[in-house]
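Engineer:
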Amino acid sequence: MDIERGSGGYDAAYAAWQRDPDGFWAAAARGIDWAKPPATVFAGDQGVYGRWFPDGALNTCHNALDRHVATGRGDQVAFIWDSPVTGRTLRITYAALLARVEKLAGAMAARGVAKGDRVVIYMPMVPEAAIGMLACARLGAVHSVVFGGFAAAELAARIADAQPKLVLSASCGIEPGRIVAYKPLLDAAIALSPHKPDACLILQREALAAELLPGRDTDWLQAEAAGVPHPCVPVAATDPLYILYTSGTTGKPKGILRDNGGHAVALHNSIGMLYGLKTGDVMWTASDVGWVVGHSYIVYAPLFAGLTSVIYEGKPVGTPDAGAFWRVCAEHDVKALFTAPTAIRAIKKEDPEGRLMQRHDLGRLEALFLAGERCDPPTALWIEALLKKPVIDHWWQTETGWSITGNFRGLGLFPMRAGSGGKPAPGYHVAALDEAGQPVARGQIGTLAIRLPLPPAALPTLFNADDRFRSAYLERFPGWYDTSDAGMVDPEGYVSVMSRTDDIINVAGHRLSTGAMEEVLAAHPDVAECAVVGVKDALKGQAPLGLVVLKAGVARPDAEIARELVAMVRDRIGPVAAFKEARVVQRLPKTRSGKILRGTMRRIADGEDYVVPPTIDDPAILGELEGLLRRA
Numbered sequence: 001m002d003i004e005r006g007s008g009g010y011d012a013a014y015a016a017w018q019r020d021p022d023g024f025w026a027a028a029a030r031g032i033d034w035a036k037p038p039a040t041v042f043a044g045d046q047g048v049y050g051r052w053f054p055d056g057a058l059n060t061c062h063n064a065l066d067r068h069v070a071t072g073r074g075d076q077v078a079f080i081w082d083s084p085v086t087g088r089t090l091r092i093t094y095a096a097l098l099a100r101v102e103k104l105a106g107a108m109a110a111r112g113v114a115k116g117d118r119v120v121i122y123m124p125m126v127p128e129a130a131i132g133m134l135a136c137a138r139l140g141a142v143h144s145v146v147f148g149g150f151a152a153a154e155l156a157a158r159i160a161d162a163q164p165k166l167v168l169s170a171s172c173g174i175e176p177g178r179i180v181a182y183k184p185l186l187d188a189a190i191a192l193s194p195h196k197p198d199a200c201l202i203l204q205r206e207a208l209a210a211e212l213l214p215g216r217d218t219d220w221l222q223a224e225a226a227g228v229p230h231p232c233v234p235v236a237a238t239d240p241l242y243i244l245y246t247s248g249t250t251g252k253p254k255g256i257l258r259d260n261g262g263h264a265v266a267l268h269n270s271i272g273m274l275y276g277l278k279t280g281d282v283m284w285t286a287s288d289v290g291w292v293v294g295h296s297y298i299v300y301a302p303l304f305a306g307l308t309s310v311i312y313e314g315k316p317v318g319t320p321d322a323g324a325f326w327r328v329c330a331e332h333d334v335k336a337l338f339t340a341p342t343a344i345r346a347i348k349k350e351d352p353e354g355r356l357m358q359r360h361d362l363g364r365l366e367a368l369f370l371a372g373e374r375c376d377p378p379t380a381l382w383i384e385a386l387l388k389k390p391v392i393d394h395w396w397q398t399e400t401g402w403s404i405t406g407n408f409r410g411l412g413l414f415p416m417r418a419g420s421g422g423k424p425a426p427g428y429h430v431a432a433l434d435e436a437g438q439p440v441a442r443g444q445i446g447t448l449a450i451r452l453p454l455p456p457a458a459l460p461t462l463f464n465a466d467d468r469f470r471s472a473y474l475e476r477f478p479g480w481y482d483t484s485d486a487g488m489v490d491p492e493g494y495v496s497v498m499s500r501t502d503d504i505i506n507v508a509g510h511r512l513s514t515g516a517m518e519e520v521l522a523a524h525p526d527v528a529e530c531a532v533v534g535v536k537d538a539l540k541g542q543a544p545l546g547l548v549v550l551k552a553g554v555a556r557p558d559a560e561i562a563r564e565l566v567a568m569v570r571d572r573i574g575p576v577a578a579f580k581e582a583r584v585v586q587r588l589p590k591t592r593s594g595k596i597l598r599g600t601m602r603r604i605a606d607g608e609d610y611v612v613p614p615t616i617d618d619p620a621i622l623g624e625l626e627g628l629l630r631r632a
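Under UniProt numbering, think of the first position of the sequence shown as 1, with each following residue one higher.
(1) To the nearest whole angstrom, what separates the beta carbons of L411 and L368, a pair I think is in contact under 8 angstroms?
(2) Let me make sure I understand the geometry here. Which of L307, P38, A189, K595 has the alpha-carbon closest to that of C200?
(3) Since L201 sits in a beta bridge, which residues does DSSP pair it with?
(4) Please state the DSSP three-state secondary structure of H429.
(5) Mapping DSSP to helix, strand and coil, what is W291?
(6) Using a Cβ-Cβ cut-off of 6 angstroms (strictly less than) and excluding sequence neighbours within five positions of A57, which residues of its own chain qualify?
(7) Note down, in chain order, each residue of its chain lying with its Cβ closer than 6 angstroms to the Cβ of L155, except the 5 sequence neighbours on either side.
(8) Quick check on DSSP: helix, strand or coil for D82?
(9) Compare the C-alpha of E313 against each of G74, A135, V549, C172 and name the closest.
(10) Taking the straight line between their C-alpha atoms, what separation do you get for V548 and L65?
(11) Comparing alpha-carbon positions, which option in R67, D467, S193, A486 lies nearest A160?
(12) Which residues in the same chain as G413 place their Cβ atom closer than 7 angstroms to its Cβ, once the five residues preceding and following it in sequence are excluded?
(13) Which residue's Cα is closest to the Cα of H68: G306, A449, E366?
(14) Report yes if the CB atom of L452 is closer than 8 angstroms to the CB atom of Y49, and no otherwise.
(15) Which value, in whole angstroms, describes the spacing of the CA atoms of R442 and G116?
(16) CB-CB under 6 angstroms to Y300, same chain, minus the five flanking residues each way: which ones, in chain order?
(17) Residues in its own chain within less than 6 angstroms of T218 by CB, not counting five upstream and five downstream?
(18) Among A522, D321, F463, whose alpha-carbon lies nearest the alpha-carbon of W382?
(19) Pair every Cβ in the segment 412-429 with every Cβ in the segment 464-478, then say whether three or more of these pairs are closer than 8 angstroms.
(20) Enumerate in chain order the residues of its own chain whose CB-to-CB distance from F477 is below 7 angstroms, with the five nearest sequence positions on each side excluded.
(21) What distance in whole Å lies between the Cβ atoms of E350 and A322, which are believed to be in contact at a cut-off of 8 angstroms?
(22) If I'm right that I92 touches P127 with Cβ under 8 angstroms, what's the distance once you round it to whole angstroms?
(23) With burial defined as no fewer than 16 other Cβ atoms inside 10 Å of the residue's Cβ, what is the status of L186: buried or exposed?
(24) Closest to S309 by C-alpha separation, out of G487, A457, L97, A26, would be which residue?
(25) Measuring straight from C-alpha to C-alpha, what distance separates G372 and R19?
(26) Determine the contact status of D361 and A324, defining contact as a CB-CB distance below 8 angstroms.
(27) Terminal residues of the continuous beta strand (DSSP E) containing residue 633?
(28) Go ahead and label L90 buried or exposed: buried means 16 or more other beta carbons lie within 10 angstroms of its beta carbon, across all protein chains shown.
(29) Quickly, what does DSSP pair C530 with across the bridge? List them, please.
(30) So, is P589 buried or exposed, given that buried needs 16 or more other C-beta atoms within 10 angstroms?
(31) Does DSSP put Y122 in a helix, a strand or coil?
(32) Pick out whichever of G515, D281, A152, G255 has its Cα sitting closest to the Cα of E399.
(33) If we ignore side chains and look at the alpha-carbon of each, how far apart do P164 and V533 end up?
(34) Which ranges does the alpha helix (DSSP H) cover as unbroken runs of at least 4 residues, wholly within the segment 120-161, from first to last along the chain?
(35) Give every residue of the same chain whose Cβ lies closer than 8 angstroms to the Cβ of P253, excluding the five residues on either side of it in the sequence, and list them in chain order.
(36) In whole angstroms, what separates the C-alpha of A16 from that of A486?
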């Protein structure tokens, strides 16, 4: 199905999907190599809500590597590894990557890994992390990547649930100013888990060697060197490719399941439609393979489309400064950069005038994509003014695997609306619902939901937990997938995600979005980033508390800035917000992917017991904030 590019391209594509969903996805499926082409696009009578391409068969690794080498592009660079923490840069061609993946797959097969077996990957941001994922896909094995450096108890919970035959890991990870020993954490996790893997392959890094346990552990590179190259194993389109765990509210992690067929089709299609990229372009997704963004847009989608993908072992600031991102873009001819708003706010805090950006030639950079949490309009407008290039905030979730909404470079960009995540991608019918499950008026806040069926690449279920999948996502609004995000759809179809539904606060009977208040705070010229949480109030039920981090170099008194912030919220949202207190803090608690831990801060402020989230970047910050929040 050919969709015209240009100003009407998006409308035509979305209408084409609405008219004929099966035809739309059948056309997209032709971009993938199939061992057995599917005759059926969607079967609504299979699985929890239906399954995509149920009678098709393919291999994901073949689509990422073999087919490109076979068509003569083996000399093209597949991965650029840029590691400021080690001072190293490495370029790996498609042919060289394929050779390593073939041999690692052979080494894994020699240790009993076969189609359907699980493999846990616990790695830093090194090429071997992606090589391990691709080797699993080659064998038809199911990988579960756990963010490197995760605490032993959390890693143990994932090993216990996934029951892997093999673990791929490394001796250490490298952070600015410190080395994190992974092997002791892995050993402790295996000791804690009732399930024990048969074997572990350990990548020994120069910064810190690990002690290997005889009979269980093998040096990764030695095992790979001895491996017999293994061919691709075809799997059913509905067979699982990976499990990615998110923290569950019950304490047991939720295993988001991704299939092979729908995943390959949707992600390959998204590279051209959403990101506007073509074979040979360079894409840099500044994330980690431990997160869904890294799965989708560091590893799989770029390789499906024959791009060059950057793997970055560093930070937006501190490796060595707030110009690091612009240096990487300039040195590697990056055409599209994808990162989290938190990274841009960190850069803004350290370099508010953009002086470090001016040192680098960004002539080849065409667009900046933001996702992970809502980007406040002041930050979006700040970076757009400096870059003078499109800044595209798009909204998606671990569960969906790719963008729910966005702006579509391959279909002709429509005007950016700061604070909005764009319009729904073809495949998604998005609405804001009230408590009774009825759509609210355009421009009003409700729970954002997606009409079933979810499109290809979205989770078909949770790993070994169909009932939990139904109760967590489908039961509240029958016929809809509950995103647990609160937001609105405006009269022109733009979707704005204001906060998680848990972050809607009730002030004297008025339901208010903390995201709307944060938007006001972020507009203050001295504020680098902020968070608003609702704390218990004897009179109003809840009252908002604003926490702000100031830009570098601000010397004005905190109290003076706080008074200005209170006045701004009162002026722009009104007295109904009852916003009376803003406090200056040195930093905000975040996950390693950059999401601010608002729920944890709210529990602390309310005097409730709380558990330090396993995804937190630096647990010490909660101790720093506890006294301040308890006095709220």
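C-beta: ideal position from N, C-alpha, C; glycine also.
Structural biologist: Working from what's here:
(1) Actually they are not in contact, since the Cβ atoms of L411 and L368 sit about 18 angstroms apart, beyond 8 angstroms.
(2) The candidate whose alpha carbon is nearest that of C200 is A189.
(3) Note: L201 is bridge-paired with L168, T218 in the DSSP secondary-structure output.
(4) The DSSP-derived three-state label of H429 is coil.
(5) If DSSP states are grouped into helix, strand and coil, W291 belongs with coil.
(6) The answer, listed in chain order, is A35, K36, P234, A236.
(7) Result list for L155: V146, A189, in chain order.
(8) Here D82 carries a strand assignment [DSSP, helix/strand/coil].
(9) The closest CA to that of E313, considering only G74, A135, V549, C172, is found on C172.
(10) Answer to the nearest angstrom: the Cα atoms are 46 angstroms apart.
(11) When only C-alpha atoms are compared, the closest one is S193.
(12) First, the amino acid is wrong: residue 413 is Leu here, not Gly. Excluding residues up to 5 positions away in sequence, P390, N407 lie with their Cβ nearer than 7 angstroms to the Cβ of L413 in the same chain.
(13) Checking every option, the nearest Cα to that of H68 belongs to G306.
(14) Closer than 8 angstroms, so yes.
(15) Approximately 45 angstroms, taken between the alpha carbons.
(16) Apart from the 5 residues on each side of it in sequence, Y300 sits with its Cβ closer than 6 angstroms to the Cβ of L267 in its chain, given in chain order.
(17) Around T218, the same chain offers L201 as residues with beta carbons nearer than 6 angstroms, after the five sequence neighbours per side are excluded.
(18) When only C-alpha atoms are compared, the closest one is A522.
(19) As far as the Cβ criterion goes, the segment 412-429 does not touch the segment 464-478, which means the pair count is below three.
(20) These residues qualify, in order along the chain: L433, G437, A449.
(21) About 4 angstroms separates the beta carbons of A322 and E350, which is inside the 8 angstroms limit, making them a contact pair.
(22) The Cβ separation is near 6 angstroms, so the contact holds.
(23) Answer is buried; the Cβ neighbour count reaches 16.
(24) Comparing Cα positions, the closest option is L97.
(25) Their backbone Cα atoms lie some 31 angstroms apart in a straight line.
(26) No, the Cβ-Cβ distance between D361 and A324 is not below 8 angstroms.
(27) Residue numbering for the chain in the displayed model covers 1 to 632; residue 633 lies beyond these limits and cannot be assessed.
(28) By the neighbour-count rule (16 or more Cβ atoms within 10 Å), L90 is not buried but exposed.
(29) Here C530 is bridged, per DSSP, to V548.
(30) With at least 16 other beta carbons inside 10 angstroms of its own, P589 counts as buried.
(31) In this structure, Y122 counts as strand in the three-state DSSP scheme.
(32) Measuring from the Cα of E399, the nearest candidate turns out to be G255.
(33) P164 and V533 have their C-alpha atoms some 39 angstroms from each other.
(34) Correct list: 127-139.
(35) Counting only Cβ-Cβ distances below 8 angstroms, and skipping sequence neighbours, we find E154, A157, R158, D161, Y245, T246, S247.
(36) Here the C-alpha atom of A16 lies approximately 28 angstroms from the C-alpha atom of A486.
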